[in-house]
Amino acid sequence: MAKARSILKRARAVKKIGTITSTMEMVATARFKKMHKMVVAARPYITRIRKMVSDLISRCGPGDLDHPLMHENEKLRRDVLLVITSNRGLCGSYNSSLLRLAMERYNQLRESGYDIKLHVAGKKGMQYFRFKKIRVDKYYSDLGDVPNYNRLAAVADDLMTEFLDGSISGLEIAYTQMIGAANFKPAIGQVLPLTVAAETTKEPQAKKAFRVAYDMLPSMDAILQQLLPTTVRLRVFECFLESAVTEQTSRMTAMRAASENADELLHNLTVKYNRMRQSQITTELAEILGGTAAIE
Amino acid sequence: MASKYQRKFSLEIYSPEQKVLACEAVCVVFPAADGQVGVLANHAPLLAMLGAGAVSVEQPDGRIEEYYVARGFAQMLENTAVILAEKCQPAGTLELEQARNELQTAHDLPVGAGQAARQRLDQINAAAAKVNLAQRQREKAVVK
Numbered sequence: 001m002a003k004a005r006s007i008l009k010r011a012r013a014v015k016k017i018g019t020i021t022s023t024m025e026m027v028a029t030a031r032f033k034k035m036h037k038m039v040v041a042a043r044p045y046i047t048r049i050r051k052m053v054s055d056l057i058s059r060c061g062p063g064d065l066d067h068p069l070m071h072e073n074e075k076l077r078r079d080v081l082l083v084i085t086s087n088r089g090l091c092g093s094y095n096s097s098l099l100r101l102a103m104e105r106y107n108q109l110r111e112s113g114y115d116i117k118l119h120v121a122g123k124k125g126m127q128y129f130r131f132k133k134i135r136v137d138k139y140y141s142d143l144g145d146v147p148n149y150n151r152l153a154a155v156a157d158d159l160m161t162e163f164l165d166g167s168i169s170g171l172e173i174a175y176t177q178m179i180g181a182a183n184f185k186p187a188i189g190q191v192l193p194l195t196v197a198a199e200t201t202k203e204p205q206a207k208k209a210f211r212v213a214y215d216m217l218p219s220m221d222a223i224l225q226q227l228l229p230t231t232v233r234l235r236v237f238e239c240f241l242e243s244a245v246t247e248q249t250s251r252m253t254a255m256r257a258a259s260e261n262a263d264e265l266l267h268n269l270t271v272k273y274n275r276m277r278q279s280q281i282t283t284e285l286a287e288i289l290g291g292t293a294a295i296e
Numbered sequence: 297m298a299s300k301y302q303r304k305f306s307l308e309i310y311s312p313e314q315k316v317l318a319c320e321a322v323c324v325v326f327p328a329a330d331g332q333v334g335v336l337a338n339h340a341p342l343l344a345m346l347g348a349g350a351v352s353v354e355q356p357d358g359r360i361e362e363y364y365v366a367r368g369f370a371q372m373l374e375n376t377a378v379i380l381a382e383k384c385q386p387a388g389t390l391e392l393e394q395a396r397n398e399l400q401t402a403h404d405l406p407v408g409a410g411q412a413a414r415q416r417l418d419q420i421n422a423a424a425a426k427v428n429l430a431q432r433q434r435e436k437a438v439v440k
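Chains E and B are the protein sequences, given in the same order.
Position 283 (the first sequence) corresponds to 283 in our numbering; numbering is contiguous.
Adding 296 to a residue's 1-based position in the second sequence gives its number in our numbering.
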């Protein structure tokens, strides 16, 4: 009976774990909905700003556009690699696959002669680099789990100031990209030096000629000078936003798989326990019957 | 009381975090980089850089709503005005004390040079505009 009792004990533990994972799945689902709402709410602003940039660029021609954020610094080879990870674990391969990609990029840049300044957001990334004994130049510990535009804009502003001062030659972000509602993959996005593309819609030539003539206040140049830093801030915000959503998606999937696994394990253990109990009863009955027969 | 303006146009205000307002308006006044700009229906296409201050929206029924905005852009095209503001908040929700603290923090920033100096000045202007608007809201509340 000792073995049967240990199976029972294990089944109880599995049941408890199953309850925890299904609760975590529910929490992740609620957080995912909140984050997804944020992405949907941010989308009109981002698309409108992008449209404005591409519209203005197509007006002035890509060659005429000149902003210090777009200048490539060929003498300096010092890039910032910003790695966005999560603060909490139990989210499947979310952190490990992102950190693998970030490491690959880190090594690749170092091999091509770059001095990398590593900036990390999220405890998991920090733990990983500490374990690997790689120096982290800046750790953003106060960004929280929910991306806040103003706080991230301040981060982007600091990085832009460093770029304009000539302390760094570029900014790349390792984040988890959202592909549709449930799919994601780790990606590296180049943010600085800024590259902008003119509107790519196939506008008929005739329509192009009748393009709306805006009154620009104060001037097209001044607007572009402010619009381009805004796109950098938005790009950083977008990366954090997508990372936050995909973290919850990943946790949801991982916890669902864990709950299903726990259910299956519980079922198997229950069947095993019942079989064992049954066979014990059969043995005991056989012994009693055997005993009775011997007395008679 | 209906508005003195007859013609309506649609207005949308967005911040990076949410859609703040979508409604019909008859007159919108916003702070452009070099002064206040007012827009009525059928205004010519306009693209303006926003400064810091109050956006005042007059609705067809004569109601006026105010929002605090800082840093962003305003666009008027085909009778639709779109305001994209990095910071945007209904004026009624502004806290005077908090705004004063922000102004103090902005003043306390190191003066610096170049980009840093410009950023400091922007922050001071934005905080000062917030204090003004919050003060006005408080006075209105007292009068009521």
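Positions of the beta carbon are idealized from the N, C-alpha and C atoms, including for glycine.
How many angstroms separate the CA atom of residue i from the CA atom of residue j?
i	j	result
S97/E	M126/E	15 angstroms
V438/B	E361/B	18 angstroms
A42/E	L234/E	10 angstroms
A209/E	Q411/B	Note on A209/E: pLDDT 49, under 50, position unreliable in the model; no value is reported.
V232/E	A13/E	49 angstroms
K440/B	R434/B	10 angstroms
G388/B	G170/E	42 angstroms
A206/E	Q314/B	Its pLDDT being 47, under 50, A206/E is placed unreliably by the model, and nothing is read from it.
P327/B	A262/E	59 angstroms
Q371/B	R100/E	43 angstroms
T161/E	D418/B	15 angstroms
S299/B	R396/B	34 angstroms
Y175/E	N95/E	10 angstroms
F305/B	N338/B	8 angstroms
E308/B	Y128/E	44 angstroms
S141/E	L82/E	13 angstroms
T19/E	R256/E	11 angstroms
Y106/E	V191/E	16 angstroms
A409/B	M216/E	29 angstroms
A28/E	S86/E	13 angstroms
R151/E	T270/E	52 angstroms
H403/B	I420/B	6 angstroms
K138/E	I379/B	35 angstroms
V196/E	S54/E	8 angstroms
C60/E	T253/E	47 angstroms
S112/E	K37/E	41 angstroms
Q278/E	L289/E	16 angstroms
G122/E	K272/E	43 angstroms
Just tell me which of the options has its CA closest to the CA of residue i.
i	options	result
G347/B	A377/B, G368/B, A402/B	G368/B
Y50/E	V136/E, D215/E, P229/E, I7/E	Inspection of the sequence shows that residue 50/E is occupied by Arg rather than by Tyr. Here the closest residue by C-alpha is P229/E.
L143/E	V155/E, R130/E, K75/E	V155/E
L399/B	V365/B, N428/B, R432/B	N428/B
K75/E	D115/E, M24/E, S250/E, L81/E	D115/E
A343/E	E242/E, T195/E, D137/E, V236/E	Since the first residue of chain E shown is 1 and the last is 296, residue 343/E is not available in this structure.
M26/E	D215/E, A258/E, S93/E	A258/E
R449/B	Y310/B, E354/B, A318/B	The displayed coordinates of chain B run from 297 to 440. Any statement about residue 449/B would go beyond what the structure contains.
Y363/B	E374/B, L343/B, P386/B	P386/B
I84/E	G166/E, A244/E, L90/E	A244/E
E320/B	L343/B, D357/B, P312/B, Y310/B	D357/B
L373/B	A340/B, A344/B, G349/B	A340/B
I134/E	N148/E, L118/E, G122/E, K123/E	L118/E
H67/E	D221/E, L289/E, G92/E, Y273/E	D221/E
V365/B	A350/B, R359/B, N375/B	A350/B
L390/B	N375/B, R359/B, A423/B	A423/B
Name, in chain order, the residues that DSSP records as bridge partners for residue i.
i	result
M216/E	L343/B
P229/E	In DSSP, P229/E forms no bridge with anything.
Q385/B	Y364/B
Y139/E	V120/E
S352/B	V325/B, E362/B
K185/E	Q177/E
Q190/E	E172/E
Please report the Cβ distance between residue i and residue j, rounded to the nearest whole angstrom; I am assuming they are in contact, meaning their Cβ atoms lie under 8 angstroms.
i	j	result
A377/B	V335/B	6 angstroms
V120/E	V136/E	5 angstroms
L392/B	Q431/B	6 angstroms
R414/B	L405/B	At roughly 12 angstroms, the Cβ-Cβ gap does not stay under 8 angstroms, so R414/B and L405/B are not in contact.
V325/B	S352/B	5 angstroms
M35/E	Q248/E	6 angstroms
L342/B	I223/E	Not quite, the Cβ-Cβ distance comes to about 11 angstroms (not below 8 angstroms), so this is no contact.
M276/E	I7/E	7 angstroms
K15/E	L285/E	In fact, because the Cβ distance is near 30 angstroms, the residues do not count as touching under 8 angstroms.
R78/E	I168/E	5 angstroms
With a 10 Å radius around its C-beta and 16 neighbouring C-beta atoms as the bar for buried, classify residue i as buried or exposed.
i	result
K185/E	exposed
F32/E	buried
D330/B	exposed
T282/E	exposed
V212/E	exposed
T401/B	exposed
So that I know if they touch, is there some Cβ in chain D lying closer than 9 angstroms to that of residue i?
i	result
M276/E	The displayed structure is made up of protein chains E and B, and chain D is not among them.
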